[in-house]
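Visitor: Residue numbers (full-length UniProt numbering): 1 to 318. Glycine included, C-beta positions come from ideal geometry on N, C-alpha and C. In this text the structure is predicted, and so the values were computed from the model without any measurement.
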Amino acid sequence: MVRPRRKVATPLNIMVCGREGVGKSVFLRTLLASLALNGKLVDATQATPVPIGSADTRIKVHQPVDVDVAPGLRVALTLIDTPGLPYSASATGDAAQSAEMATVVGYIESQFERFLIEELKVKRNAKSHDTMVHAVLYLLPPMVPFHPVDLAAIQTLSVRANVIPLLAHADSITNRQLETIKAALYKTLADTMPLLDFATADMDGDGTIDDEEEEQFVAEMAELKGALPLTVIGAEFPLPGQPKGASEYLEIDGKKVLGRAYKWGAVNVDDPEHCELHRLKFLIFDFALPGLLASTKNILYESYRTERLMAHAGGKQA
């Protein structure tokens, strides 16, 4: 598999989506703080997301941060927050076609359109960079059955984006509940969307991988698929009004960690025994990184481009 290796950082644009109150903003901050704590951020002072705005104020595009994901490989990570999808116990899948969902899909398509306009220019802007959404992290609440709003939203998003389902608030349920919920959600997901198909979008040559890589790739793919939806926990950060300089990290056995403190103990978001943030980071920054980039440009964008050009041609004939 061909990994992007460039002198400049490769753009990687990650969006988070989900219903109201599921913890999207906190999770984005947790992901960035975890990268900083583990020495992956080139500039550790950028551990807190900084919004830089977008054409639609309901979409929060954050300042890109450089992340060292492997020796000789750096990505410019842009995190994108989205408005919560409206939810009620009686809501149907139609709620996924809300103004909020239209805003999310509209943003994804607007980045395809931006790329298309640049591509059709006789003289292209050499400084133009990739703003297409490479992955959508969809946060699910820890409950079953699959709510129609979430199911319809994932189906809608999968047409335009590489969707990675996550199970939020994993610290709010017991191990037995977690096992039952994950199994039920996995079954529905497997019947609803292609699971991690984007990981194979950058295979060498005729669509295969080198023999020596195949066994490891197949094993890792099976492990990651079987773990879906990946469990995540939002870390606890200083609240407004707390003393200036209050730490966003906990200390466990003399070690600085990112997590949440309870009377009975502490949760460490980077501990594989507590959640699967480690698996998510491996998936998007290592295992599936080439596939995410290739799938976005060669499959999702090309599908959008074909639709737009056909619609344009049809309009001319009418």
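Are the beta-carbon atoms of F285 and V65 separated by less than 9 Å?
Guide: As a first step, residue 285 is located in the sequence shown; it is residue number 285 there, counting from the start. As a first step, residue 65 is located in the sequence shown; it is residue number 65 there, counting from the start. Not a contact, by the Cβ cut-off of 9 Å.
Visitor: Please classify K256: does DSSP put it in a helix, a strand, or coil?
Guide: Along the sequence shown, one-based indexing puts residue 256 at 256. Strand, per DSSP.
Visitor: Check the C-beta distance from A168 over to N298 and give it rounded, since I have them as a contact under 8 Å.
Guide: Here the question's residue 168 lines up with position 168 in the sequence shown. Here the question's residue 298 lines up with position 298 in the sequence shown. No, A168 and N298 are not in contact; Cβ-Cβ is about 31 Å, not under 8 Å.
Visitor: Quick one: what's got a C-beta closer than 8 Å to L258's C-beta in the same chain, skipping five residues either side?
Guide: On the sequence shown, position 258 is the one that residue 258 refers to. Here the set comprises T30, A33, S34, L37, A235, E248, Y249, L250, N268, V269 and D270.
Visitor: Are the beta-carbon atoms belonging to L289 and V8 less than 9 Å from one another?
Guide: In the sequence shown, residue 289 corresponds to position 289, counting from 1. In the sequence shown, residue 8 corresponds to position 8, counting from 1. No, Cβ-Cβ distance for L289 and V8 is not below 9 Å.
Visitor: Below 6 Å CB to CB, which residues in the same chain sit around I181 once its five sequence neighbours on both sides are set aside?
Guide: Working through the sequence shown from its first residue, we reach residue 181 at position 181. Excluding residues within five positions, the ones whose Cβ falls inside 6 Å are P142 and V144.
Visitor: Between which two residues does the alpha helix (DSSP H) harbouring G291 extend?
Guide: Within the sequence shown, residue 291 is the residue found at index 291, counting from 1. G291 -> alpha helix (DSSP H) spans L289 to S295.
Visitor: For Y304, which three-state DSSP category applies?
Guide: Numbered from its first residue, the sequence shown carries residue 304 at position 304. Y304: helix per DSSP, three-state reduction.
Visitor: Return the first residue and the last residue of the alpha helix (DSSP H) that P148 is part of.
Guide: The residue given as residue 148 occupies position 148 in the sequence shown. Note, P148: alpha helix (DSSP H), P148 to S158.
Visitor: Residues in the same chain with beta-carbon distance under 8 Å from G205, minus the five sequence neighbours each way, listed in chain order, please.
Guide: Stepping through the sequence shown from its first residue, residue 205 is reached at position 205. Only weak support exists for where G205 lies, its pLDDT of 48 falling under 50; the value from the coordinates is given anyway. Once the five neighbours on either side are set aside, G205 has no close Cβ partner at all.
Visitor: Quick check on DSSP: helix, strand or coil for N175?
Guide: For the purposes of this step, residue 175 is taken as residue 175 along the sequence shown, with counting starting at 1. In this structure, N175 counts as helix in the three-state DSSP scheme.
Visitor: Note down the Cα distance separating E213 from N13, rounded to an integer number of angstroms.
Guide: The residue given as residue 213 occupies position 213 in the sequence shown. The residue given as residue 13 occupies position 13 in the sequence shown. Spanning the two alpha carbons is a distance of roughly 27 Å.
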